[in-house]
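Heads up: the structure comes next, in C-alpha cells.
In our numbering, the protein residues as written are 440 to 768.
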C-alpha cells in the first residue's frame with residue numbers, strides 16, 4: 440500500500456455478524472465474510488466497517504416474486520425455500536436480508552464517496568421466483584432498483600467477474616433496459632448446475648447483457664486481455680451512474696471449480712483494471728465478494744483482501760489525477 444493511499448479517507452465497507460447462518464458442512468464457507476472483515480481491520484488500511492440494515496420487503500419485492508419472498512421467510516414450500524442449495528432455517532432467512540441490505544448500503548455509499556464495498560456476495564444466480572447456486576435474493580439488482588427508486592441513478596452496470604456466468608442477473612435485466620451486465624466467466628451455469636465447457640454453450644448477447652466466455656486453461660495474460668478489450672466499451676455503452684462489481688474469488692487456479700490458471704497477482708490485476716476504468720471515468724463503483732471454494736479459506740480471504748487494496752490504490756490514483764488537473768499551469 441502506498442503512503443498516499445494509506446493517508447486517504449477510509450473506504451466504507453459493510454458487514455455484520457448477522458451475515459452468518461450455520462448451514463453445517465458446506466462447500467460455501469459462510470465464515471469467510473467475517474474473516475475478510477478481520478483481514479481488512481488487521482491490515483491497517485483505510486477502511487471503516489459499518490453495519491447495514493436488513494433489506495426490507497419493499498426492497499425485495501421490487502425484484503422478486505411475492506411467493507418466493509414468502510417461502511424464504513417461512514421455509515415453505517421447502518423445495519422453493521432451498522432452491523439456492525442451502526438448508527433453510529430462520530437464521531438463513533434473516534442472514535440473506537442482511538447480506539442484501541449490505542449491497543444496498545454499499546451502492547448508496549459508493550454514490551456518496553466514489554468507492555465502497557459489501558463483504559458478502561451479490562448473489563448473481565438468483566432469479567425472480569427462485570434461487571440457484573448459493574444465491575437466494577439478487578443483491579445486485581435489489582441495490583440498483585433501490586438506488587433508482589430513490590432517484591439516485593437512472594442507469595446502472597453490473598461488471599461480473601465471478602467464475603460462473605451471471606445468469607440470474609441476466610434474467611432479471613431482461614425486463615430492465617436501463618440496467619446492463621458484462622459477465623466475463625470461465626464456467627457456464629444452467630439449471631442450477633455449473634459446467635466447465637464455456638465454448639460449447641454460452642449466453643446470447645442482448646441489448647443490455649453481454650456475455651464473454653474465457654476458454655479453459657487461460658492464464659493471466661489471456662484473461663486480462665479479454666477484460667481490457669471488453670470492459671471500457673461496456674462502460675461507455677452503458678453510460679452508467681453506478682457500477683456494481685462482482686469480484687469473484689473462484690477464478691483462482693486452486694479453486695476446485697476453476698478451469699482457469701489465474702494466480703493471486705492475476706486477480707489483483709483484474710481488480711485494479713476494473714476500479715481504474717470506473718474511477719477514471721468518474722463512475723462510482725461498489726464491489727461485492729463472490730465465489731471462492733478453495734479448501735484453504737485463507738487463500739480465498741487473500742483474494743478478497745487484495746480487492747480492497749486495489750480499490751484503495753485506484754481511489755488514491757484518481758484523487759491525485761484530479762488534483763493535478765486542477766492545478767494551474
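Glycine is no exception: its CB is placed at the ideal position from the N, C-alpha and C atoms. Since we're looking at a predicted model, the values are computed, not measured.
For this session: Count the other C-beta atoms from every protein chain shown that fall within 10 angstroms of the C-beta of residue 636, then say buried if there are 16 or more, exposed otherwise.
Result: What you label residue 636 is simply residue 197 of the chain shown in a count that begins at 1. Per the 10 Å Cβ criterion, exposed.
Exercise. In three-state DSSP terms, what is residue 594?
Worked result: Reading the chain shown from its first residue, position 155 is the one you call residue 594. Coil at residue 594, not helix or strand.
For this session: Please work out which residues of its chain come closer than 6 Å, Cβ to Cβ, to residue 515, disregarding the five sequence neighbours upstream and downstream, and give them in chain order.
Result: Translated into positions along the chain shown, residue 515 becomes position 76. Cβ within range, chain order: n/a, list empty.
Exercise. Of the residues 673, 733, 715, 737, which one's Cα is nearest the Cα of residue 553?
Worked result: Mapped onto the chain shown, residue 553 falls at position 114. Of the candidates 673, 733, 715, 737, the one whose C-alpha sits nearest the C-alpha of residue 553 is 715.
Problem set entry | Three-state secondary structure (DSSP) of residue 522 | Here residue 522 is taken as the residue at index 83 of the chain shown, counted from 1. In this structure, residue 522 counts as coil in the three-state DSSP scheme.
Exercise. Hey, how far is the Cα of residue 583 from the Cα of residue 686?
Worked result: Indexing the chain shown from 1 puts residue 583 at position 144. Indexing the chain shown from 1 puts residue 686 at position 247. Using only the alpha carbons, I get a separation of about 17 Å.
Exercise. For the beta strand (DSSP E) that contains residue 652, what are its first and last residues?
Worked result: The sequence position of residue 652 within the chain shown is 213, counting from 1. Its beta strand (DSSP E) spans residues 648-652.
Exercise. What are the boundary residues of the alpha helix (DSSP H) that includes residue 507?
Worked result: Within the chain shown, residue 507 is the residue found at index 68, counting from 1. Where residue 507 is concerned, the enclosing alpha helix (DSSP H) stretches over 505-513.
Exercise. Hey, residue 565 and residue 555: beta-carbon distance below 8 Å or not?
Worked result: Working through the chain shown from its first residue, we reach residue 565 at position 126. Working through the chain shown from its first residue, we reach residue 555 at position 116. Not in contact: residue 565 and residue 555 (Cβ atoms no closer than 8 Å).
For this session: Compute the Euclidean distance between the alpha carbons of residue 489 and residue 732, then round it to the nearest angstrom.
Result: By one-based count along the chain shown, residue 489 stands at place 50. By one-based count along the chain shown, residue 732 stands at place 293. For residue 489 and residue 732, the distance between alpha carbons rounds to 26 Å.
Exercise. Beta carbon of residue 681, beta carbon of residue 532: below 8 Å?
Worked result: Here residue 681 corresponds to residue number 242 of the chain shown, with the count starting at 1. Here residue 532 corresponds to residue number 93 of the chain shown, with the count starting at 1. In this structure, residue 532 does not lie closer than 8 Å to residue 681 by Cβ.
Exercise. Helix, strand or coil: which one does DSSP assign to residue 691?
Worked result: Sequence index remark: in the chain shown, residue 691 carries index 252 (1-based). In this structure, residue 691 counts as strand in the three-state DSSP scheme.
Problem set entry | Selected residue, minimal CA-CA separation from residue 501, among 453, 464, 561, 581 | Here residue 501 refers to the residue found at position 62 when the chain shown is read from its first residue. Cα-wise, what sits closest to residue 501 is 581.
Problem set entry | residue 537 (DSSP reduced to helix, strand or coil) | To locate residue 537, count along the chain shown from 1; it is residue 98. Helix, per DSSP.
Exercise. Which runs of the alpha helix (DSSP H), 4 residues or longer, sit entirely within the stretch 453-486?
Worked result: 471-482
Problem set entry | Proximity of residue 589 and residue 504 at Cβ, strictly below 8 Å | Here the question's residue 589 lines up with position 150 in the chain shown. Here the question's residue 504 lines up with position 65 in the chain shown. Taking 8 Å as the Cβ cut-off, residue 589 and residue 504 do not qualify as a contacting pair.
Exercise. From residue 735 to residue 742, what distance separates their C-alpha atoms?
Worked result: The residue labelled residue 735 in the question sits at position 296 within the chain shown. The residue labelled residue 742 in the question sits at position 303 within the chain shown. Cα to Cα, residue 735 sits roughly 12 Å from residue 742.
For this session: Just mark residue 571 as buried or exposed, buried being the case when its beta carbon has 16 or more other beta carbons within 10 Å.
Result: For the purposes of this step, residue 571 is taken as residue 132 along the chain shown, with counting starting at 1. Answer is buried; the Cβ neighbour count reaches 16.
For this session: Take residue 771 as the anchor and find which of 593, 601, 600, 569 has the nearest alpha-carbon.
Result: The shown model of the chain, from 440 to 768, leaves out residue 771, and the question about it has no answer.
Exercise. Okay, do the stretch 602-611 and the stretch 668-678 touch, 3+ Cβ pairs below 8 Å being the bar?
Worked result: no
Exercise. Hey, how far is the Cα of residue 740 from the Cα of residue 705?
Worked result: Numbered from 1 along the chain shown, position 301 holds the residue referred to as residue 740. Numbered from 1 along the chain shown, position 266 holds the residue referred to as residue 705. Spanning the two alpha carbons is a distance of roughly 15 Å.
Exercise. Would a check of beta-carbon distances place residue 731 closer than 8 Å to chain C?
Worked result: You won't find chain C in this structure, because it holds only one protein chain.
Problem set entry | Residue from 625, 506, 511, 604 whose Cα sits closest to the Cα of residue 534 | The residue you call residue 534 lines up with position 95 of the chain shown. When each option's Cα is compared against that of residue 534, the closest is 511.
Exercise. Residues in its own chain within less than 7 Å of residue 746 by CB, not counting five upstream and five downstream?
Worked result: What you label residue 746 is simply residue 307 of the chain shown in a count that begins at 1. So the qualifying residues of the chain are 686, 710, 726.
Exercise. In chain order, which alpha helix (DSSP H) runs of at least 4 residues are fully inside the stretch 680-736?
Worked result: 703-719
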